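Engineer: Going letter by letter, the sequence shown gives residues 1 to 400 in this note's numbering.
Don't be surprised by glycine CBs; every beta carbon is placed ideally from N, CA and C.
No experiment lies behind these values; they were computed from the predicted model shown.
Questions regarding the structure given below will be posed in turn.
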Amino acid sequence: MIVNNASPQWDLSARWRVDTVPITRVGHDENEIESQFKSIWGATRLSNGNIVVSADNDVRMFGPDGKFIKTVARRGNGPGEFPSGGRLLRLPGDSILVWHEVAEGGRKIAIFGSDGSFIREERPDGDALRKLGPWSECHSMVFRDRSWLGCKKDSTIPATATNRASKLLAKGYSSPGPGHLRQFERRHLIPATLDTTHRIGIEGGIEQFGVALKGGGETFIQHPYYSRSLIASGGAPLRIATITNPAYNSEMWTPDGRLERIIRRANGRRIPSAEEKAELPALLRQWNDRRDADEATLAQMPTPDSLPAATGLLVGADGHIVVGREGTLPPYRRATFDIFNPDGYWLGELELPGRTYIMELGTDYILALHRNEDDVPVLGVFPLHRGSTKNSASAQATTR
């Protein structure tokens with residue numbers, strides 16, 4: 001089914017509101033070193049109000065008052081330890097799943113109790129996984145049913161000037177060559193049984209630009225306004241949402257590889273604003289700090305005539321879908337999110353302070369990450385007030 005959304009359904013009584021003052025704040029506490037983060041990879045709120053955060057090289061637990069309680073998973077190679085900060089999921093009963101990629105495409109999974117105590121470790125059969133391959137590098141993810149995401153090269157995806165393969169060069173070095181590049185592969189969902197795979201759409205690699213260097217060789221540069229693929233999971237029953245970008249086209253998949261719904265929104269893309277264009281040179285230098293990426297090199301990369309539709313994607317526990325629209329880069333004073341109900345109907349927009357990311361959508365709260373003026377990440381739990389509901393059947397959206 002395709003859901004085409006022309007305009008939002010919310011009226012003033014139905015609109016969601018988020019309080020400006022958090023009930024829990026974690027991060028940037030100069031008196032508590034455990035509350036100081038450089039990078040946050042994931043976070044979740046437990047039913048007792050505790051916050052579990054994967055940051056830098058470990059996983060930490062904080063109380064409802066924002067104070068540090070304990071380290072859940074440390075850096076290391078022992079049971080329940082990871083080489084660097086793992087990704088995390090909250091499971092039914094508030095147990096915590098932490099995972100990390102290991103050699104040859106495998107996964108190391110550790111389960112912790114709601115109090116942060118280590119319960120057990122799971123390592124999927126690497127030989128069985130390899131038999132389902134060969135696998136290529138792409139955005140990876142583990143889901144709460146222990147299935148995970150992998151990618152394969154697929155010759156049925158048409159080659160284009162931008163979706164071009166790498167060629168073997170001298171000294172065993174391979175490269176797709178200079179120019180605009182975005183390579184596409186086939187996503188596969190791998191069940192925990194490791195006996196089959198399910199196709200779930202196409203993975204668009206990070207859009208980038210290859211440039212030739214003065215002294216020979218080449219380098220690939222990322223652009224803050226280029227596209228990347230997004231994927232998220234949640235809801236009950238479990239659903240997997242994907243957006244390839246740049247088009248506003250979200251696909252909803254079941255765990256057995258069935259495309260259940262395509263969600264579209266009219267006027268989902270726009271041209272860069274004057275403010276965004278003015279900020280671009282500074283952003284390019286920030287994103288590409290290599291010595292060989294000088295001003296002349298960066299100038300070879302064209303700026304897109306329109307921005308990708310989505311910058312973030314989230315599926316709430318109740319199946320609502322959150323699409324980040326803009327506001328994660330320094331020029332923005334506000335961050336805008338589109339909210340869709342589980343059936344794919346566009347309810348309306350939610351606005352938060354600029355450089356804010358929604359990490360988790362609860363029934364009556366959002367867990368959000370905000371980068372302050374010093375680029376320091378801070379987490380907050382903000383009360384969420386949902387307005388009155390409306391029937392999903394609306395003249396403002398069509399299905400077919």
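Please report the residue range of the alpha helix (DSSP H) in which residue 297 lies.
Structural biologist: Translated into the one-based positions of the sequence shown, residue 297 becomes position 297. Taken as a continuous stretch (DSSP letters only), the alpha helix (DSSP H) holding residue 297 covers 295 to 299.
Engineer: Near residue 136, what residues of its chain come up, given a Cβ to Cβ distance below 7 Å and the 5 sequence neighbours on each side ignored?
Structural biologist: On the sequence shown, residue 136 is found 136 positions in, with the first residue counted as 1. So the qualifying residues of the chain are 151, 152, 153, 185.
Engineer: Within the continuous beta strand (DSSP E) that includes residue 99, where are the two ends?
Structural biologist: Here residue 99 corresponds to residue number 99 of the sequence shown, with the count starting at 1. It spans 96 to 101 - the beta strand (DSSP E) in which residue 99 sits, taken as one unbroken run.
Engineer: Compute the beta-carbon to beta-carbon distance between residue 68 and residue 60, rounded to the nearest angstrom, for a pair I have assumed lies under 8 Å.
Structural biologist: On the sequence shown, residue 68 is found 68 positions in, with the first residue counted as 1. On the sequence shown, residue 60 is found 60 positions in, with the first residue counted as 1. Contact holds; Cβ gap of about 7 Å.
Engineer: Cutting at 8 Å between CB atoms, please list the residues of its own chain near residue 233, excluding the five before and the five after it.
Structural biologist: Counting from 1 along the sequence shown, the entry for residue 233 is found at position 233. Excluding positions up to five away in sequence, the list reads 141, 143, 144, 239, 240, 241, 315.
Engineer: Going by the CB atoms, is the gap between residue 229 and residue 204 shorter than 8 Å?
Structural biologist: The count along the sequence shown starts at 1 and reaches residue 204 at position 204. The count along the sequence shown starts at 1 and reaches residue 229 at position 229. Yes, they are a contact pair.
Engineer: Does residue 206 come out as helix, strand or coil in the three-state DSSP assignment?
Structural biologist: Here residue 206 is taken as the residue at index 206 of the sequence shown, counted from 1. Residue 206 falls in the coil class under three-state DSSP.
Engineer: Taking three-plus beta-carbon pairs below 8 Å as touching, is the segment 240 to 256 in contact with the segment 214 to 225?
Structural biologist: With a cut-off of 8 Å, the segment 214 to 225 and the segment 240 to 256 do not count as touching, because too few Cβ pairs lie within range.
Engineer: With respect to the alpha helix (DSSP H) encompassing residue 277, which residues constitute its N-terminal and C-terminal limits?
Structural biologist: Looking up residue 277 in the sequence shown gives position 277. Run containing residue 277: 274 to 287, per the alpha helix (DSSP H) assignment.
Engineer: Give the DSSP bridge partners of residue 265, in chain order.
Structural biologist: Counting from one through the sequence shown, the residue named residue 265 turns up at place 265. Residue 265 is bridged to 5.
Engineer: May I have the straight-line CA-CA distance separating residue 304 from residue 347, to the nearest angstrom?
Structural biologist: Mapped onto the sequence shown, residue 304 falls at position 304. Mapped onto the sequence shown, residue 347 falls at position 347. If I take the Cα positions, the gap works out to 29 Å.
Engineer: Rounded to whole angstroms, what is the Cα-Cα separation between residue 21 and residue 50?
Structural biologist: Taking the first residue of the sequence shown as 1, we reach residue 21 at position 21. Taking the first residue of the sequence shown as 1, we reach residue 50 at position 50. When rounded, the distance between both Cα atoms is 18 Å.
Engineer: According to DSSP, simplified to helix, strand and coil, what is residue 462?
Structural biologist: Here the chain comprises residues numbered 1 to 400, so residue 462 is not present and cannot be evaluated.
Engineer: Can you give, in chain order, each stretch of the beta strand (DSSP E) that sits fully within the segment 131 to 157 and has at least 3 residues?
Structural biologist: Fully enclosed beta strand (DSSP E) runs of 3 or longer: 136 to 142, 148 to 152.
Engineer: Using three-state DSSP, classify residue 167 as helix, strand or coil.
Structural biologist: To locate residue 167, count along the sequence shown from 1; it is residue 167. Three-state result, residue 167: strand.
Engineer: Would you decide whether residue 395 is buried or exposed? Buried here means 16 or more other CB atoms lie within 10 Å of its CB.
Structural biologist: By one-based count along the sequence shown, residue 395 stands at place 395. Note that residue 395 scores 40 on pLDDT, short of 50, meaning its location in the model is unreliable and no value can be drawn from it.
Engineer: According to DSSP, is residue 129 helix, strand or coil?
Structural biologist: In the sequence shown, counting from the first residue as 1, residue 129 sits at position 129. Helix, per DSSP.
Engineer: Can you tell me where the beta strand (DSSP E) with residue 189 in it begins and where it stops?
Structural biologist: In the sequence shown, the residue the question calls residue 189 occupies position 189. Its beta strand (DSSP E) spans residues 184 to 190.
Engineer: So what does residue 67 bridge to, in DSSP terms?
Structural biologist: Taking the sequence shown and counting its residues from 1, one reaches residue 67 at position 67. DSSP lists no partner for residue 67.
Engineer: Any idea if residue 302 is buried or exposed, counting beta-carbon neighbours within 10 angstroms, 16 or more meaning buried?
Structural biologist: Along the sequence shown, read from residue 1 onward, the residue named residue 302 stands at position 302. Classification of residue 302: exposed, given that the 10 Å Cβ count is below 16.
Engineer: On the three-state DSSP scale, how would you describe residue 92?
Structural biologist: Position 92 of the sequence shown holds residue 92. Of the three classes helix, strand and coil, the one that applies to residue 92 here is helix, per DSSP.
Engineer: Counting along the chain, where does the beta strand (DSSP E) carrying residue 108 start and finish?
Structural biologist: One-based indexing of the sequence shown puts residue 108 at position 108. Run containing residue 108: 107 to 112, per the beta strand (DSSP E) assignment.
Engineer: Considering only the alpha carbon of each residue, which of 11, 44, 4 lies closest to residue 362?
Structural biologist: Locating residue 362 in the sequence shown gives position 362, where the first residue counts as 1. The residue with the shortest Cα to Cα distance from residue 362 is 44.
Engineer: Determine the burial state of residue 376: buried for a count of at least 16 other Cβ atoms within 10 Å of its Cβ, exposed for fewer.
Structural biologist: Translated into the one-based positions of the sequence shown, residue 376 becomes position 376. When all chains shown are included, residue 376 counts as exposed.
Engineer: Alpha carbon to alpha carbon, what distance is there between residue 221 and residue 110?
Structural biologist: Taking the sequence shown and counting its residues from 1, one reaches residue 110 at position 110. Taking the sequence shown and counting its residues from 1, one reaches residue 221 at position 221. Residue 110 and residue 221: Cα-Cα distance of roughly 35 Å.
Engineer: Among 180, 320, 308, whose alpha-carbon lies nearest the alpha-carbon of residue 225?
Structural biologist: Counting from 1 along the sequence shown, the entry for residue 225 is found at position 225. Selected option, being the one with the closest Cα: 308.
Engineer: Can you tell me which of 197, 168, 167 puts its alpha carbon nearest to the alpha carbon of residue 130?
Structural biologist: Here residue 130 corresponds to residue number 130 of the sequence shown, with the count starting at 1. Of 197, 168, 167, the residue nearest in Cα terms is 197.
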